[in-house]
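In our numbering, the protein residues as written are 4 to 151. Okay, structure first, notes after.
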């Protein structure tokens, strides 16, 4: 029994004192938890931002297709050339964006229409470090075509 009581004292002396490391594991654990939390926030909010960008790209592509359907019928009938009516194409794309509830712009020429959608994705965990939202932009271009 006597040897069992002396063992902790001898170990403490051999390691330089048992009380000098007290609390270091707690500080280390708190640091690891904070790092894991920040990385989790980056992964979660980054994934949500990527999903929102895909949704914005889908809306931009659909709006561009809606605009590309606005052909200049007079030129098509007279010359057989497939051209866009730029004003009608831009209006159709903007109308699609409005119906979808998306913020964006449409620019059209006689040969193509380009639609850009901007979207702000609110963050969930990154708000803890002051990042309220992630802004992204998606652009799609469509050209007029007719079936043979």
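We put the CB at the ideal spot given by N, CA and C, even for glycine. Source: prediction; values computed, not measured.
Cβ atoms of residue j and residue i: under 8 Å apart, would you say?
i           : j           : result
residue 74  : residue 113 : no
residue 66  : residue 109 : yes
residue 131 : residue 34  : no
residue 63  : residue 118 : yes
residue 97  : residue 144 : no
Which value, in whole angstroms, describes the spacing of the CA atoms of residue i and residue j?
i           : j           : result
residue 137 : residue 84  : 43 Å
residue 107 : residue 28  : 52 Å
residue 120 : residue 26  : 52 Å
residue 156 : residue 129 : Here the chain has residues from 4 to 151 only, and residue 156 is not among them.
residue 135 : residue 91  : 38 Å
residue 40  : residue 59  : 28 Å
residue 77  : residue 150 : 18 Å
residue 37  : residue 139 : 27 Å
residue 82  : residue 133 : 59 Å
residue 99  : residue 47  : 30 Å
residue 103 : residue 93  : 15 Å
residue 30  : residue 49  : 28 Å
residue 101 : residue 72  : 17 Å
residue 105 : residue 56  : 12 Å
My assumption, with CB atoms under 8 Å, is that residue i sits in contact with residue j. Please give the rounded CB distance.
i           : j           : result
residue 125 : residue 111 : The pair is not a contact, with the Cβ atoms about 32 Å apart (cut-off 8 Å).
Check each candidate in the options and name the one with the smallest Cα separation from residue i.
i           : options            : result
residue 146 : 68, 78 and 130     : 68
residue 141 : 44, 123, 47 and 42 : 123
residue 127 : 51, 38 and 36      : 51
residue 95  : 70, 78 and 105     : 70
residue 148 : 103, 79 and 56     : 79
Could you check what DSSP says for residue i in three-state terms: helix, strand or coil?
i           : result
residue 137 : strand
residue 112 : coil
residue 126 : coil
residue 29  : helix
residue 37  : helix
Using a Cβ cut-off of 8 Å (strictly closer), state whether residue i contacts chain D.
i          : result
residue 53 : This model lacks chain D altogether, as it is built from one protein chain only.
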